[in-house]
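Peer 1:
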Amino acid sequence: MEEPVDTATAILASAAVLLRERAFDDISYRALADEVGISERTIYRQYPTRAHLLAALSNWIEQTCFPLPPFVTVSDFCTAVHERFRAFDASPAYAYVGARASAISPTLDTEPAYITRAIEAMLDVAAPTLNRRDRRRVAASLRHFSSAMFWARLRTGFDLDAGEICDAFDRAVGPVLARLPDATWAKP
Amino acid sequence: MTGSAAVPALTGTQQAILAAYTELIEELGSDDVSNRVIARRAGIAERTVFRNYPTRVDLLLATAAWIEATLFAREESHSIFDIPLAIRDAMQRYDARPELAHVVAETAMRGANGAAPSPGRAQLERLLDAEVPSLDAAQRRAVIAALSHLDSVGTWVTFRREFGMDRRDIADAAAWAAEAVLDSIRDRVAP
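Protein sequence lines, in the order shown, are assigned to chains A and B. The first sequence begins at 1 in full-length UniProt numbering and counts up by one. The second sequence begins at 1 in full-length UniProt numbering and counts up by one.
(1) Look at the Cβ atom of F66 of chain A, then the Cβ atom of A87 of chain A, and state whether they are nearer than 7 angstroms.
(2) 7 angstroms is my cut-off, CB to CB: does Y47 of chain A come that close to chain C?
(3) Give a yes or no on whether the C-beta atoms belonging to F163 of chain B and A10 of chain A are separated by under 7 angstroms.
(4) Determine the burial state of D172 of chain B: buried for a count of at least 16 other Cβ atoms within 10 Å of its Cβ, exposed for fewer.
(5) Just to confirm, are S77 of chain B and A90 of chain B a CB contact at a threshold of 7 angstroms?
(6) Given S4 of chain B, which residues of its chain have a CB within under 8 angstroms of its CB, disregarding the five upstream and five downstream residues?
(7) Examine the Cβ distances between the stretch 127–143 of chain B and the stretch 126–142 of chain A and report whether three or more of them are shorter than 8 angstroms.
(8) Does any residue of chain A bring its CB to less than 7 angstroms from the CB of G91 of chain B?
(9) Could you say which of A:F158, A:V176 and A:P128 lies nearest to A122 of chain B if we only look at CA atoms?
(10) Roughly how many angstroms lie between the CA atoms of A115 of chain B and E83 of chain A, to the nearest whole one?
(11) Please classify T73 of chain A: is it buried, with 16 or more other beta-carbons within 10 angstroms of its beta-carbon, or exposed?
(12) Using three-state DSSP, classify P92 of chain A as helix, strand or coil.
(13) List the endpoints of the continuous alpha helix (DSSP H) containing L28 of chain B.
(14) Just the C-alpha distance for S58 of chain A and F85 of chain A, rounded to the nearest angstrom, thanks.
(15) Classify P191 of chain B as buried or exposed, calling it buried when 16 or more other Cβ atoms lie within 10 Å of its own Cβ.
(16) Quick check: is the beta carbon of M1 of chain A nearer than 7 angstroms to any beta carbon in chain B?
(17) Note down, in chain order, every chain A residue with its Cβ under 8 angstroms from the Cβ of F50 of chain B.
(18) Quick check on the DSSP output: the alpha helix (DSSP H) that includes G174 of chain A runs from which residue to which?
(19) On a Cα-Cα basis, can you pick out the residue from B:E179, B:A65, B:N35 and B:A64 that is closest to P54 of chain B?
(20) Going along the chain, which residues of its own chain have a beta-carbon closer than 6 angstroms to the beta-carbon of H52 of chain A, five neighbours each way excluded?
(21) Looking at the structure shown, is F50 of chain B part of a helix, part of a strand, or coil, going by DSSP?
(22) Is the beta carbon of T64 of chain A within less than 6 angstroms of some heavy atom of the ligand FAD?
(23) Could you pull out every residue in the same chain whose Cβ sits closer than 7 angstroms to the Cβ of R179 of chain A, ignoring the five residues on either side in sequence?
(24) Less than 7 angstroms between the C-beta atoms of E106 of chain B and I25 of chain B, yes or no?
(25) Between I80 of chain B and E131 of chain B, is the Cβ-Cβ spacing less than 7 angstroms?
(26) Could you check the C-alpha separation between A168 of chain A and M109 of chain B for me, to the nearest Å?
(27) Let me know the secondary structure DSSP gives S58 of chain A once reduced to three states.
(28) Is there at least one Cβ from chain B nearer than 7 angstroms to residue 195 of chain A's Cβ?
(29) Per DSSP, what kind of secondary structure is V72 of chain A in: helix, strand or coil?
(30) Taking only beta-carbon positions, decide if S184 of chain B is within less than 7 angstroms of chain A.
(31) Could you name the residues of the same chain whose beta carbon sits closer than 7 angstroms to that of Y44 of chain A, not counting the 5 residues immediately before and after it, in chain order?
(32) Report yes if the CB atom of H149 of chain B is closer than 7 angstroms to the CB atom of F24 of chain A, and no otherwise.
(33) Just verifying my parser: in three-state terms, what is the DSSP assignment at D32 of chain B?
(34) What are the residues of the stretch 149–160 of chain B that lie near chain A, defined by any Cβ-Cβ distance shorter than 9 angstroms?
(35) When you compare the CB of P117 of chain B with every CB in chain A, is at least one pair closer than 7 angstroms?
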């Protein structure tokens, strides 16, 4: 490594390298320890279970490979999601780790993902007078259709490519937003 | 997933293994359960577990499919417009068994090596084709994909984890989103 990094990060970086050639389930702590050049025990100290490793790896991949483009308006949001789905499609092994990590029983103090907060902030601005229940319904729907899970389900279960997944996303999000009265949306 | 998902016929021994593992997941989590403990709970020899499920992944995927088909089974819908009701029920069922819900959600997100992520797809297609046959290919695909996604345990996991919703709110938001998806085809049923 050119730059000194802490052990926890070095483990994740090595796990990401191994992910290029094998599935997450086939990455043993032994192989990971050899790759990093540390003892297996050190890995257990950092990541006591594979669920901990999966969650941390997913966060690291998210930050380094799939940074979310900032968005303020709904149309920026849709553009950002399209970009993300195309990035997932270009690195499917990494994207599946994200989808999987978002499905497991939370390990520690899991905070909502950044995209969740960004969607809520977007709705605060775009629909300031919207009642709380409808706001949460919309936020949850947008969040769920923009997730790595949506991408993974459509890729594995429907055999769709990135373009088709973006199209399915637009067609799902459109009716969700259309459920609210026109007057909901703040005029620019 | 609506109605009966296709489950391969299981032997009595296999059912005992899957039921034992399911109980143990709820008690201990999916990580800490050895084959020996599963065998003891099922009242069989440890090598019988190995013979039926040679690897951990085999066992986990079979268990997730079994949970989905039994504990999380839902009433069959007779109309695509009943799907939001089925989704509402499903969310309540997931909420009652959170550990199992996470296991089923996770195994469906493993790509080609995992569980089928949209077991209810064929059923949704049947209903949609019978009632709203006039959709073009992209519209049809989008409706099926969106409903499949909402009609999954991933919805429960996401709404709970990302928004801290409780059982009622999850069921409400998931059914609401499904109604939104149906808005685009509500008045297009074949006469």
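Where is the CB? At the ideal position from N, CA and C, for every residue including glycine. Computed from a predicted structure; not experimentally measured.
Peer 2: Concretely, from the data shown:
(1) The residue given as residue 66 of chain A occupies position 66 in the first sequence. The residue given as residue 87 of chain A occupies position 87 in the first sequence. Cβ distance < 7 angstroms, so F66 of chain A and A87 of chain A count as in contact.
(2) Any reference to chain C falls outside this structure, whose protein chains are A and B.
(3) Position 163 of the second sequence, counting from 1, holds the residue named residue 163 of chain B. Position 10 of the first sequence, counting from 1, holds the residue named residue 10 of chain A. Their beta carbons are not under 7 angstroms apart, which means F163 of chain B does not touch A10 of chain A by this criterion.
(4) Here residue 172 of chain B is taken as the residue at index 172 of the second sequence, counted from 1. With 16 or more other Cβ atoms within 10 Å, it is buried.
(5) One-based indexing of the second sequence puts residue 77 of chain B at position 77. One-based indexing of the second sequence puts residue 90 of chain B at position 90. Not closer than 7 angstroms, so no.
(6) By one-based count along the second sequence, residue 4 of chain B stands at place 4. Reliability fails at S4 of chain B, whose pLDDT of 43 lies under 50, so the model's placement of it is uncertain and no value is given.
(7) no
(8) Start at 1 with the first residue of the second sequence, and residue 91 of chain B comes out as number 91. In the sequence on display, residue 91 of chain B carries Met and not Gly. So no, M91 of chain B is outside the interface.
(9) The residue given as residue 122 of chain B occupies position 122 in the second sequence. Comparing Cα-Cα distances from A122 of chain B to each of A:F158, A:V176 and A:P128, the minimum goes to A:F158.
(10) Numbered from 1 along the second sequence, position 115 holds the residue referred to as residue 115 of chain B. Numbered from 1 along the first sequence, position 83 holds the residue referred to as residue 83 of chain A. Roughly 27 angstroms between the two C-alpha positions.
(11) Translated into positions along the first sequence, residue 73 of chain A becomes position 73. Exposed.
(12) Start at 1 with the first residue of the first sequence, and residue 92 of chain A comes out as number 92. Correct three-state label for P92 of chain A: helix.
(13) Within the second sequence, residue 28 of chain B is the residue found at index 28, counting from 1. G12 to L28 is the extent of the alpha helix (DSSP H) around L28 of chain B.
(14) Reading the first sequence from its first residue, position 58 is the one you call residue 58 of chain A. Reading the first sequence from its first residue, position 85 is the one you call residue 85 of chain A. For S58 of chain A and F85 of chain A, the distance between alpha carbons rounds to 16 angstroms.
(15) Within the second sequence, numbered from 1, the residue matching residue 191 of chain B stands at position 191. Its Cβ having fewer than 16 others within 10 Å, P191 of chain B is exposed.
(16) The count along the first sequence starts at 1 and reaches residue 1 of chain A at position 1. With a pLDDT of 46 at M1 of chain A, under the threshold of 50, the predicted position of this residue should be treated as unreliable, though the coordinate-derived value follows. Not closer than 7 angstroms to any Cβ of chain B, the Cβ of M1 of chain A fails to qualify, so no.
(17) Locating residue 50 of chain B in the second sequence gives position 50, counting from the first residue. Going along chain A, no residue has its Cβ under 8 angstroms from F50 of chain B, so there is no contact; the nearest lies around 18 angstroms.
(18) Here residue 174 of chain A refers to the residue found at position 174 when the first sequence is read from its first residue. Per DSSP, G174 of chain A belongs to the alpha helix (DSSP H) from A162 to A178.
(19) Mapped onto the second sequence, residue 54 of chain B falls at position 54. Checking every option, the nearest Cα to that of P54 of chain B belongs to B:N35.
(20) One-based indexing of the first sequence puts residue 52 of chain A at position 52. The residues are T107.
(21) Residue 50 of chain B sits at position 50 when you count from the first residue of the second sequence. Looking at F50 of chain B - three-state DSSP - the assignment turns out to be helix.
(22) Among the ligands in the structure shown, none appear at all, so the ligand FAD cannot be discussed.
(23) Indexing the first sequence from 1 puts residue 179 of chain A at position 179. Once the five neighbours on either side are set aside, R179 of chain A has no close Cβ partner at all.
(24) For the purposes of this step, residue 106 of chain B is taken as residue 106 along the second sequence, with counting starting at 1. For the purposes of this step, residue 25 of chain B is taken as residue 25 along the second sequence, with counting starting at 1. The answer is no: Cβ separation not under 7 angstroms.
(25) Against the second sequence, residue 80 of chain B aligns to sequence position 80. Against the second sequence, residue 131 of chain B aligns to sequence position 131. Yes. Within cutoff.
(26) The count along the first sequence starts at 1 and reaches residue 168 of chain A at position 168. The count along the second sequence starts at 1 and reaches residue 109 of chain B at position 109. Taking the straight line from one Cα to the other gives about 18 angstroms.
(27) In the first sequence, counting from the first residue as 1, residue 58 of chain A sits at position 58. It is helical.
(28) As displayed, chain A neither begins before 1 nor continues past 188, which places residue 195 of chain A out of reach and without an answer.
(29) Here the question's residue 72 of chain A lines up with position 72 in the first sequence. The answer is coil: DSSP assigns V72 of chain A none of H, G, I, E or B.
(30) Looking up residue 184 of chain B in the second sequence gives position 184. So yes, S184 of chain B belongs to the interface.
(31) Looking up residue 44 of chain A in the first sequence gives position 44. So the list reads Y29, once near-sequence residues are dropped.
(32) Translated into the one-based positions of the second sequence, residue 149 of chain B becomes position 149. Translated into the one-based positions of the first sequence, residue 24 of chain A becomes position 24. Their beta carbons are not under 7 angstroms apart, which means H149 of chain B does not touch F24 of chain A by this criterion.
(33) The residue you call residue 32 of chain B lines up with position 32 of the second sequence. Here D32 of chain B sits in coil by DSSP.
(34) H149, L150, S152, V153, G154, T155, V157, T158 and F159
(35) Counting from 1 along the second sequence, the entry for residue 117 of chain B is found at position 117. With 7 angstroms as the cut-off, P117 of chain B counts as an interface residue toward chain A.
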